[in-house]
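Novice:
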Amino acid sequence: MKEEVSGFWEYATIDDVTFPSVLDALRELTETPPGQDDTERMLHFVGLMLDQGFIAVSSPYADPPGEPWCDGDRDAVLRRIRQEWEALDHEPTFLDLCWFHRPRENGAKRA
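Residue numbering for the sequence shown follows our numbering, starting at 3 and increasing by one per position.
Printed below as a string of structure tokens:
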């Protein structure tokens, strides 16, 4: 799993990581993440991403775009993801839940 998170870390130098991309990576894992069900396994994987330094943000199509979730509080982010995940009545699209980005160097934001 650490390899997949590292792959996202490298990808995130170019673009943010969408939630469906995370789900795709989970489906392709050769090892099963810890957890009693798919939700817990997904949250474990997202927790690894947050531990790596990823920041959960709103979609760039939201208003306001790219707004950090829960002031970056890891546990609050995971609770919000669980809550929104369980409330979905369809397969997540790139507009659902959050996106993940790396902290910008020197606090710079993309134009």
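Cβ coordinates follow ideal geometry from the N, Cα and C atoms, glycine included.
Please list the segments of the beta strand (DSSP E) lying wholly inside the stretch 47-73, counting only runs of 3 or more residues, in order along the chain.
Specialist: 57-59
Novice: Compute the beta-carbon to beta-carbon distance between Pro-35 and Arg-43, rounded to the nearest angstrom, for a pair I have assumed lies under 8 Å.
Specialist: As a first step, residue 35 must be located in the sequence shown, where it is residue number 33. As a first step, residue 43 must be located in the sequence shown, where it is residue number 41. With a Cβ gap of about 4 Å, Pro-35 and Arg-43 count as contacting.
Novice: For the alpha helix (DSSP H) containing Phe-21, name the first residue and the last one.
Specialist: Your numbering for residue 21 matches position 19 in the sequence shown. Note, Phe-21: alpha helix (DSSP H), 21-30.
Novice: Start and end of the beta strand (DSSP E) containing Phe-10?
Specialist: On the sequence shown, residue 10 is found 8 positions in, with the first residue counted as 1. Taken as a continuous stretch (DSSP letters only), Phe-10 belongs to no beta strand (DSSP E), being part of the alpha helix (DSSP H) at 4-13.
Novice: Please report the residue range of the alpha helix (DSSP H) in which Gln-85 lies.
Specialist: Numbered from its first residue, the sequence shown carries residue 85 at position 83. Counting along the chain, the alpha helix (DSSP H) containing Gln-85 begins and ends at 76-89.
Novice: Looking at His-103: is its Cβ nearer than 8 Å to the Cβ of Phe-56?
Specialist: As a working note, residue 103 is residue 101 in the sequence shown. As a working note, residue 56 is residue 54 in the sequence shown. Yes, the pair counts as a contact, with Cβ atoms nearer than the cut-off.
Novice: Can you name the residues that DSSP bridges to His-103?
Specialist: Along the sequence shown, read from residue 1 onward, the residue named residue 103 stands at position 101. Answer is Ile-57.
Novice: On the three-pair Cβ rule with 8 Å, is the stretch 93-100 touching the stretch 57-72?
Specialist: yes
Novice: Would you mind stating whether Trp-87 and Val-79 have Cβ atoms separated by less than 8 Å?
Specialist: Residue 87 sits at position 85 when you count from the first residue of the sequence shown. Residue 79 sits at position 77 when you count from the first residue of the sequence shown. No; because the gap between Cβ atoms is not below 8 Å, this pair is not in contact.
Novice: Can you give me the C-alpha to C-alpha distance between Glu-69 and Asp-17, rounded to a whole angstrom?
Specialist: As a first step, residue 69 must be located in the sequence shown, where it is residue number 67. As a first step, residue 17 must be located in the sequence shown, where it is residue number 15. If you take the alpha carbons of Glu-69 and Asp-17, they lie about 15 Å apart.
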